[in-house]
Structures are given as C-alpha cells and as structure tokens.
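Numbering (the working numbering), first residue to last: 38 to 571.
Here's the structure we're looking at; comments come further down.
This is the structure:
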C-alpha cells in the first residue's frame with residue numbers, strides 16, 4: 038500500500054470513529070432523557086449493528102480465517118483488572134498487589150488508554166521476565182479457561198486459521214492462546230525491558246498500545262479476514278467491520294446451559310499460584326482485609342493439631358470453620374496377619390492428607406513423604422519419614438515401618454488440584470496385601486495449599502488460612518487378597534486398579550501423568566525442588 042492510500046485509510050478511520058462516537062453520545066443522551074422522563078413510556082428501539090455469534094454457522098469453516106479480541110470476546114469477563122492483579126500478586130508481591138488495588142479507584146477516573154498504561158506500569162515495573170513467563174504458563178491459563186466464552190470457542194474450533202488482536206500485553210496471553218486454543222498468531226501490546234533484558238520497565242514499546250483495527254489492516258493488508266468476533270462496543274465494531282462476516286458476543290453467552298452444549302478446550306491439569314479465586318477489586322479487597330485474621334487462624338489451627346488430643350482438636354477445628362468429613366471407616370481395621378500394620382493408600386491433595394486422616398480416625402499413623410520441609414516436619418502432629426527415591430531403599434524402609442504400625446502413602450508422589458489422579462507408583466503394592474484405599478478431596482475458597490515453584494514450607498499455612506477449608510475422605514473396604522500381589526496380580530495391576538477405584542469414588546479422571554511431568558511444566562525441573570525458607 039502506497040503512502041497516498043495509507044493516508045486515505047487513516048482519514049477514513051478517523052472520520053468513521055468520530056462519527057460513531059458522536060452518534061453514540063447522542064443516543065446516550067436520548068436514552069438518559071428517556072429514562073428520566075416518566076411521560077415517555079415506550080423505550081427507544083435498539084438495532085444491533087452486527088448479529089449475535091449464535092447466528093454464525095459452523096459448516097465449511099475449516100479453510101477460513103477468524104480474528105477476534107481477548108477481553109469481552111474470547112473471555113466473558115470484560116475487565117482486565119483481575120488478570121493484572123494475578124500478575125502483581127503471583128509474579129510480584131503482596132505489596133505490589135496492594136498498590137494496584139489502592140490505585141484502581143483513581144485509575145477508573147482516567148480514559149481507557151491511560152488506565153491500561155498505568156495498570157501495566159504498576160504491574161510490570163521491575164518485574165523479572167522469568168517470573169512473568171512462569172505466571173503466564175502456569176497461573177493465568179486456569180483463570181482464562183474458567184471465563185472462556187464457549188460460543189466463541191465453538192467458532193474457534195470450526196475455523197482453520199485463528200489470529201487474536203488484543204491491547205493486553207502479549208506476554209500475558211500468548212502462552213494460553215497458543216497452547217490451549219491453538220491460535221496461529223497473537224498480536225498484542227509489546228512491553229519494554231531493561232538493558233540487561235532481565236526485567237520489565239513497566240512502559241509499553243514505541244508503537245504504544247495496540248490499536249486493533251490498525252493492527253488488523255497492517256497484518257492482512259488488502260485482504261479481509263473471513264470472520265470477526267467482537268464485543269458490542271464502538272471499538273470492536275470498527276475492528277470487525279474490516280471482516281467479511283462480523284458477529285458480537287454478550288454476557289449471557291456463558292450460562293451453564295451454553296457451556297454444556299459447546300465443545301470443551303484442552304483441560305488444565307497442572308497449574309500453580311496461591312489464589313483460588315478471580316481477584317476482582319472487591320474480592321481482592323476482602324482477601325487483603327482477611328490476611329491478618331487468616332494468619333492468626335492458621336496458627337490457631339496448627340497449634341490445636343500439635344498440642345491437643347484428637348477429639349478436642351477436631352471439635353475446636355470445626356468451631357474455627359475447618360470441615361473434615363470421614364466416611365466408610367469402621368474402627369478398627371485389623372490386619373489378617375495380626376503383626377504387620379495396615380497400608381492406607383490415599384489420593385494426594387495437600388501435605389495435610391495423612392494428618393487429617395490420622396486426626397479423623399483418632400489413631401496415630403506414620404506418613405512417608407517426598408521433599409518435606411523442615412517446618413512441615415516440626416508442626417506435623419504425626420510421625421513423618423522421608424523417602425529417598427531409591428526404590429530398593431524405600432521398599433525396605435516402608436517394610437520396616439509397616440512392622441511397627443499403620444502407614445499412609447500417597448502413590449501419586451505429588452499433589453494435583455484438579456479432578457484428576459496422576460499415575461500411581463506400584464511400589465506400595467509389593468510391600469503388603471493389607472491395603473486400604475482412601476479417597477481424598479479438598480475444597481478451598483481463597484488460597485491453594487500447594488505449590489510447585491513457590492515456598493513449599495508455607496503450603497500448610499496457606500491451606501489453613503482459608504475461611505472454611507474442607508477435607509472429604511472416604512475409606513474404602515480393604516482390598517481383597519485375590520486383587521493383591523499375594524493373590525497373583527502384578528504390582529502395576531494393583532496400582533492401576535486402586536487408581537481407578539478412587540477415581541470412581543471421587544468422580545475424577547485417571548491419567549498417566551507423573552510427578553516428573555508436573556514439575557517439568559510448573560517449575561522447570563523433575564521435582565527435586567530446593568527448599569526455600571525454614
């Protein structure tokens with residue numbers, strides 16, 4: 038395109054934008070006067086410029102190109118604040134999150150461009166690039182998928198080529214869009230980095246915030262994309278007007294009925310971060326106000342578990358809001374040999390699984406663990422023994438512990454937050470035929486009690502800081518002898534059978550993923566995380 042043509046296009050954009058803006062202002066004042074005037078009982082008619090996305094057919098789209106924005110189109114949540122708060126809290130610090138929250142009422146008084154620039158500066162200034170990259174891959178995708186517009190995703194599935202244009206920083210969205218939605222290209226706002234290339238400066242690149250319709254024209258040139266999806270606002274109307282077909286979405290698209298009918302994207306099985314809720318301004322304010330009380334509550338809950346008898350600890354714990362539900366346990370579960378202890382095989386949700394099982398059953402248990410911090414060992418009210426990851430040595434150690442009493446093992450080797458069970462290590466099945474499966478699930482509302490790349494010694498504290506954390510445990514009948522190694526089954530068959538049994542009770546799905554897979558994705562190592570802190 039020559040300079041004269043570019044000048045014409047630019048003038049056309051400005052004329053069209055100004056005309057739409059003036060028309061919108063007139064319509065706004067007419068509607069406001071209509072609402073304020075009780076004599077006008079008939080509302081003014083509304084004529085949408087573009088059809089709803091539900092009018093878009095899915096047939097014969099595999100060779101077509103689709104373009105859309107992220108916020109308001111692909112995501113049902115229009116505000117960008119929660120995602121920047123996740124960056125500020127998870128990649129930054131609590132102080133940065135508080136600063137962003139305190140600044141938000143002032144930022145809301147600014148125009149959209151200035152507000153976004155200021156939010157980017159507060160969230161990214163001095164932030165290490167590697168920390169942002171980790172959050173983009175392990176934290177943000179979970180929240181993006183939770184608020185995905187499934188009507189828009191359905192169109193995504195039907196089209197061949199997909200390009201997303203967004204004013205959001207590209208580093209915040211590219212990993213999610215490419216890894217989970219198979220987007221071909223992501224065009225977003227670029228951020229400046231320091232001279233060493235290790236930190237963000239908090240400023241946008243020279244090109245400034247991305248202007249969607251200009252970026253689309255530069256990307257495709259004279260060609261027009263086949264389908265455009267946008268929000269029902271003037272900016273997106275100008276953006277999708279450059280497409281052959283244009284559709285808009287609305288807030289009603291993500292109702293449960295719509296979510297159930299539409300295809301599901303790639304699930305998030307592993308994710309990191311501490312926040313278990315979408316940090317909107319109100320939710321973030323409540324979380325920050327809760328922190329002092331939450332810390333005191335966690336200390337109280339740990340103290341009663343360490344120093345008080347089982348029954349009194351259970352009573353005071355329930356009064357503090359902690360819910361522990363145990364089903365299926367028949368006291369006692371005797372060993373058929375009369376000498377060796379019973380091996381309780383649990384699904385793994387947090388480091389507290391053996392503690393709550395022992396407390397709710399009212400009997401001392403020994404737990405074998407991997408990579409347990411010194412702090413967690415000190416506060417544990419039950420005996421904990423570290424495994425070495427040497428199969429022979431670990432087998433001998435667990436055999437010895439079973440000779441001393443009942444033992445708890447989590448064969449997944451690591452925790453999983455989502456409704457999935459990781460592959461069970463078969464070592465436990467070779468030790469004894471006195472096996473009792475235990476299905477464990479948890480519910481939290483504010484903080485996750487697990488981490489792969491953060492401070493692991495804080496895991497129990499974060500879980501117990503939740504206002505009403507819940508543990509649900511189902512003790513299944515002891516495994517029949519014919520289903521154990523003593524009955525002729527291989528250790529792999531026993532492990533897979535118990536995995537499927539626990540998954541059926543919990544309503545989870547079985548996977549072949551392992552501890553190594555989790556830590557390679559979330560922490561960039563194979564699970565040998567160096568301890569930080571106590």
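A virtual CB, placed ideally from N, CA and C, is assigned to each residue, including glycine.
- Going by DSSP, residue 344 is part of the alpha helix (DSSP H) stretching over 318 to 344.
- Nearest Cα to residue 303 within the set 134, 218 and 518: 218.
- When DSSP states are grouped into helix, strand and coil, residue 502 belongs to the coil group.
- Taken atom to atom, the span from the alpha-carbon of residue 427 to that of residue 344 is near 34 Å.
- By the Cβ rule, the stretch 272 to 288 does not count as touching the stretch 122 to 138, because fewer than three pairs are nearer than 8 Å.
- Of the residues 94, 383 and 431, the one whose Cα lies closest to the Cα of residue 509 is 383.
- Apart from sequence neighbours up to five positions away, the residues of its chain that approach residue 545 with a beta-carbon distance below 7 Å are 456, 457 and 458, ordered along the chain.
- In the structure shown, residue 133 falls within a helical segment according to DSSP collapsed to helix, strand and coil.
- Beyond the five residues adjoining it in sequence on each side, residue 558 comes within less than 8 Å, by CB distance, of 174, 175 and 307 in the same chain, given in chain order.
- Residue state for residue 533 is assigned as helix, using DSSP reduced to three classes.
- The continuous alpha helix (DSSP H) containing residue 172 extends over residues 166 to 175.
- Checking the DSSP bridge columns, you'll see residue 89 partnered with 285.
- Excluding its 5 nearest sequence neighbours in each direction, residue 536 has C-beta neighbours in its own chain below 6 Å: 458, 461 and 547, listed in chain order.
- In the DSSP assignment, residue 380 forms a beta bridge with 444 and 472.
- According to DSSP, residue 480 shares a beta bridge with 507.
- Residue environment for residue 497: buried (at least 16 other C-beta atoms within 10 angstroms of its C-beta).
- Here the alpha carbon of residue 278 sits roughly 8 Å from the alpha carbon of residue 265.
- Per DSSP, reduced to three states, the secondary structure at residue 538 is helical.
- Collapsing the DSSP output to three states places residue 265 in a strand.
- A straight line joining the alpha-carbon of residue 444 with that of residue 198 spans about 54 Å.
- Looking at the DSSP output, residue 414 sits in no beta bridge, so it has no partner there.
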